[in-house]
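Notes follow once the structure below has been shown.
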Amino acid sequence: MNLPDPLIASNDRQLFVDNHLIDSLEHVHIHQHTPSPRETCLTLNRPWEGETSWCPVVIKDGGKYRMWYRSQDEQQDTGGFNHTFTAYAESEDGICWQRPNLGLFNFNGSTDNNICVDNPNTKNIAVFKDESPGVPESERYKAAGRWSGGKPARIYGLVSPDGIHWQNAGDGPLIVASEDDPNFDSPVSAFWDARQGCYVLYARGWFPDGNEPRMRAIRMTTSRDFIHWDAWQYIRIDGKTRFDYQLYTNAVHPYAGAPYYFAFPKRFIQTRQALPEWGHEGLSDILFLASRDGLNFTQPYADAFMRPGLDQNNWHERSIFIGPRVVSTAPGELSLYSVQNYRTPNAHIRRFSLREDGFVAVRADARTGVLTTRPFTFTGNQLEINYSTSVAGSIRIALLDEAGNSLPKFALGDCPHIFGDEIVRTVRWENVNAIDVAPNQPIRLQFELTEADLFSFRFFSPGEIS
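Written out as structure tokens, the structure reads:
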């Protein structure tokens with residue numbers, strides 16, 4: 000019998016956002032969960048903000064949450080371009096936000112504002128904290144943004160010791176597009192990727208290579224020093240690079256604690272219009288994509304991750320947007336930050352929440368179903384799961400050998416029925432205190448589910464940090 004080469008799960012958390020570990024699904028299916036709307040963080044009503052402010056980037060930095068967002072004053076129009084700033088807000092809990100008076104830049108005769116960047120070279124900037132080895136403290140924070148002055152399109156970089164006081168990175172633009180490249184006219188995403196040991200930048204691309212009819216897409220590039228960048232590569236989604244819809248933004252970021260890159264691109268349907276009186280064509284919603292290498296993505300569920308919803312101010316061409324970060328705001332809770340009601344007097348940034356690892360789940364209804372994984376190796380001697388059941392539902396788990404036979408002491412019948420709703424639940428088998436599988440021995444997991452959602456699992460050893 001020819002068995003497949005075993006995968007390596009190590010002690011990483013494994014989510015079901017792709018089929019990497021899935022061998023078979025019987026009477027279960029992949030279900031996408033959608034984020035729940037929470038409170039308004041900022042109403043974009045300051046004189047230097049306005050209806051087209053957007054692009055919030057939120058990070059958890061030490062003991063506080065920090066947000067950078069585009070602040071666009073539409074009253075100051077120079078050469079056909081609205082005056083754009085980057086503004087800054089902060090929070091102790093990720094829920095209640097304040098605009099600190101930074102006193103750095105003059106707006107209408109006053110420096111009483113939260114503007115931290117007034118630089119015509121950098122619009123829609125993506126800020127990140129650089130955790131790369133040996134980075135100078137004067138460049139601990141970095142940002143990339145597009146130039147809005149015409150063609151050829153350019154992306155510039157900024158560096159900062161504190162995320163507040165910024166200066167140009169290098170002597171010129173980081174990237175200059177070719178003459179036939181239309182522009183980078185949507186938010187970029189940038190970060191230091193510790194997994195691959197390089198900086199990564201995602202930006203808008205156009206198919207086919209700038210020629211008509213053009214389709215918005217997502218491309219990425221990498222750099223070892225943040226100054227010199229490699230050739231662009233277009234991301235692939237389920238093996239394809241071109242789709243029936245346009246990808247207006249990207250919002251790509253590495254997911255903390257698990258080996259994935261997630262993206263929340265804005266899907267743009269240019270041929271639809273819900274509000275006849277609206278002066279621009281098209282509608283938008285948000286998709287959820289996942290990748291293990293940052294280039295090849297999957298869409299685990301064929302539906303929007305965030306719909307416009309009941310609010311009619313979201314039913315137009317560019318209204319909703321999710322920033323390129325997910326942060327933890329409470330035990331078991333993740334928060335995402337979205338611009339809503341774009342280009343209306345009620346434009347605002349709203350927080351949305353999701354359970355930890357709660358993007359998709361393997362779901363079973365009242366008919367019991369089974370998920371069986373492919374063979375893999377792991378480290379650790381305990382197994383934990385993130386799950387939810389109804390009061391009548393349950394989960395049981397078996398350890399199998401490569402051929403699919405139950406290991407002694409670890410069959411389904413040895414596992415008591417698990418029910419409840421927990422972010423972390425250590426799995427127990429009768430009369431077993433630890434998983435005593437030989438090192439590097441490939442196994443399979445078999446999950447039996449009834450009226451249950453399984454979000455993730457992880458092997459670990461007691462005492463190690465998740």
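Per numbering that gives the first Met the number 0, the very first residue in the sequence shown carries number 0; after that it's consecutive.
Ideal Cβ placement from N, Cα and C applies to all residues, glycine included.
Ignore the nearest five residues each way along the sequence and tell me which others in residue i's own chain have a CB closer than 7 angstroms to its CB.
i	result
H347	T39, L41, T42, L43, Q339 and N340
G331	R354, E355 and I422
K63	E89, S90 and E91
W314	A273, L274, L282 and P307
N345	N312
N120	W146 and Y155
R215	R203, W205, Q245, L246, Y247 and F267
Which residues in the same chain as residue i place their Cβ atom closer than 8 angstroms to its Cβ, once the five residues preceding and following it in sequence are excluded?
i	result
T425	Q381, L382 and E383
E130	W191 and A193
L411	R395, I396, A397, S405, Q445 and E447
R519	Any answer about residue 519 is impossible in this case: the structure gives the chain only from 0 up to 465.
H30	Y300, V359, A360, V361, R362 and D452
Buried or exposed: which applies to residue i, given that a residue is buried once 16 or more other Cβ atoms fall within 10 Å of its Cβ?
i	result
V16	buried
D302	exposed
N105	exposed
E91	exposed
L200	buried
S337	buried
D435	exposed
T110	exposed
P299	buried
I7	exposed
R271	exposed
N439	exposed
G78	With a pLDDT of 41 at G78, under the threshold of 50, the modelled position of this residue cannot be trusted, and the question is left open.
C414	buried
G133	exposed
G293	buried
S177	exposed
G322	buried
E429	exposed
P186	buried
S318	buried
A189	buried
A433	exposed
A125	buried
Spatial neighbours of residue i within its chain, please: C-beta separation below 6 angstroms, excluding the five flanking residues on both sides.
i	result
L444	T372
R98	A88 and N113
D356	L14, N385, F454 and S455
R457	R12 and E383
P461	none
R235	N295
Y198	W191, S222 and F225
S137	P160
N100	D111
L398	L406, F409 and I442
V431	K408
I174	I154 and W228
R213	W205
Determine whether the beta carbon atoms of residue i and residue j lie at a separation below 8 angstroms.
i	j	result
F267	I285	no
W205	F127	no
G93	D72	no
I58	V390	no
P46	N107	yes
F377	S9	yes
L288	T297	yes
G156	K122	no
A360	H32	yes
W53	F320	yes
W165	C115	yes
S154	F183	According to the sequence as given, residue 154 is Ile; it is not Ser. Yes. Within cutoff.
T449	S387	no
A152	D179	no
F375	L20	yes
G379	F459	yes
T240	W231	no
A168	K150	no
T51	R427	no
Assuming the contact rule is C-beta atoms closer than 8 angstroms, residue i and residue j should be a hit. Round their C-beta distance to whole Å, please.
i	j	result
V27	R324	About 31 angstroms; that fails the 8 angstroms criterion.
P34	F351	4 angstroms
Q269	E280	6 angstroms
G162	R291	Contact flag wrong, Cβ pair sits at about 30 angstroms.
So is residue i in contact with chain B if we call contact Cβ pairs under 8 angstroms?
i	result
T85	As a matter of chain content, chain B is missing from the structure shown, which is built from one protein chain.
So does the segment 81 to 89 actually touch the segment 352 to 370, counting three or more Cβ pairs closer than 8 angstroms? These segments do not touch.
Is the segment 225 to 233 in contact with the segment 243 to 255, if contact means three or more CB pairs nearer than 8 angstroms? Because the criterion of three Cβ pairs below 8 angstroms is not met, the segment 225 to 233 and the segment 243 to 255 do not touch.
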